[in-house]
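Remarks on the structure that follows.
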Amino acid sequence: MKILVLNCGSSSVKYKLIDMTDGRTLAEGGVEKVGMNDTFLKYKKPDGSKEIVELGCADHKASVKAILDNLTDPVIGCIKSFDEIEAVGHRLVHGGETFSQSVLITPEVIEKVKECYPLAPLHNPANITGVEAIESILPNVPQVGVFDTAFHQTMPAKSYMYAIPYKFYEEDHVRRYGFHGTSHRYVSARVCEILGVDINTRKIITCHIGNGGSITAVLNGKSVDTSMGLTPTEGLMMGTRVGDIDPGALTFLMKKHNLTADDLQRVINKESGVLGVSGVSSDMRELEAAVNRGEERAVLALDMYEQRIIKYIGAYAAEMGGVDIIVFTGGVGENQTGLRSNVCAPLAFMGVKIDEELNAKTRGTETVISTDDSKVKVVVVPTDEELTIARDTQAIVEKK
């Protein structure tokens, strides 16, 4: 079975075509600047190099059509016709409390996802646009929705409730939902395969660290707490997102600078985090370069960034009564060797010991970086959300 995995954002459409007979990625790439005058498709060629195709001004439907045309192109394509695509799996960001697992997309499901638009106004509408684009181009192909929030629906109320008047939960569904769930689910299961242990008997802390980042406590295979909340702005300090902050500080700033709610949304989502503190960039590679130049604000930003990861790991270890495995994933978690070392060093009191030499040369590969005598296994596991979406899609379509 060949499955197309789509991740439709507000201005981008990422894709992978996966052959489920062996899990091979047949093609991957994405359309950037969707809806703008300079929309383009970037895709990976068989030799690993990347090619760019200018699309002019293309909306989501035209972008999806461009992807499909690329896949079936007689010269550069990897399939002969659309008929080879047997199902499409979509990343859907917010399922609210309605969806605790992946589902076959039906008109009823689409309506329920639309009810979650207020919870993810930037993501869910774009996700559904992708669903509707496939529906119009490939009307007979089954589609499956895989939700970022689903894995975290096992959290107990004490973890997901906020200490605000209960009516806001009852009437407005304001609670912690968490995100990156597909990634946390994949790496927590994969690390147990790597180590040859039973996920149902392990205390695992998964650290998805990238431009956006979250940490999850996985107890016996289930998410019991996670750092992101109602929106992806809570929790860790991120590339441009603020993470945890005193809500009183936000109301103070709103009053003092006469900020509207939209102004504040821009500040906490686009102007804060590593970029806001360092004044350099939201990119960790550029931040590290600034740190090496001795720029004080860059040093402060990196210290803050690492400190918050350490704090969440410590908190979740306490919450679960210990930890057996710590997983690093995401663009930063998989590749920034210095960050992993700095995060693990203060955790020595819990029995965390990493092999510094092995850690220093591990980038983007599945590797146990803890020493043999470490009480806690520390492992780098590159995430594969697309494969997880494809697996869910195959399982649901084959049950039809």
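Going by this note's numbering, the letters in the sequence shown line up with residues 1 to 400, in that order. Even glycine gets a Cβ: it sits at the ideal position worked out from N, Cα and C.
{"query": "Rounded C-alpha distance that separates Phe82 from Lys16", "result": "14 Å"}
{"query": "Nearest-angstrom Cα separation, counted from His257 out to Thr329", "result": "38 Å"}
{"query": "Gly30 to Thr206 span [Cα, whole Å]", "result": "27 Å"}
{"query": "Cut-off 8 Å between Cβ atoms - residues of its own chain near Asn124, not counting five sequence neighbours on either side", "result": "Leu92, Val93, His94, Val113, Lys114, Cys116 and Tyr117"}
{"query": "Residue range of the unbroken beta strand (DSSP E) whose run includes Arg91", "result": "Ile85 to Leu92"}
{"query": "Cα-Cα separation, Ala261 to Thr251", "result": "10 Å"}
{"query": "Segments of 4+ residues assigned as alpha helix (DSSP H) that fall wholly inside the region 43 to 71", "result": "60 to 71"}
{"query": "Contacting residues, own chain, Cβ-Cβ under 8 Å from Arg391 (five flanking each side not counted)", "result": "Met20"}
{"query": "Per DSSP, cross-strand counterpart(s) of Glu32", "result": "Ser12 and Phe40"}
{"query": "Closest by C-alpha distance to Gly454, when choosing among Ser227, Thr233, Ser214 and Ile199", "result": "In the structure as shown, the chain begins at 1 and stops at 400. Residue 454 is therefore absent and cannot be evaluated."}
{"query": "Reduced DSSP secondary structure (H/G/I, E/B, other) of Thr25", "result": "strand"}
{"query": "Helix, strand or coil at Gly364 [DSSP, three-state]", "result": "coil"}
{"query": "CB of Gln336 within 9 Å of CB of Met284, strictly", "result": "yes"}
{"query": "DSSP beta-bridge partners of Gly424", "result": "A question about residue 424 goes unanswered here, because the residues of the chain that appear run from 1 up to 400."}
{"query": "Assigned exposure category for Ala395 - 16 Cβ within 10 Å defines buried", "result": "exposed"}
{"query": "C-beta atoms of Gly213 and Val242 nearer than 9 Å", "result": "no"}
{"query": "Close beta carbons around Tyr169, own chain, < 7 Å, minus the five adjacent residues each side", "result": "Met161 and Arg175"}
{"query": "CB of Val146 within 9 Å of CB of Lys377, strictly", "result": "no"}
{"query": "Whole alpha helix (DSSP H) elements within the region 140 to 187, 4-residue minimum", "result": "157 to 160 and 167 to 172"}
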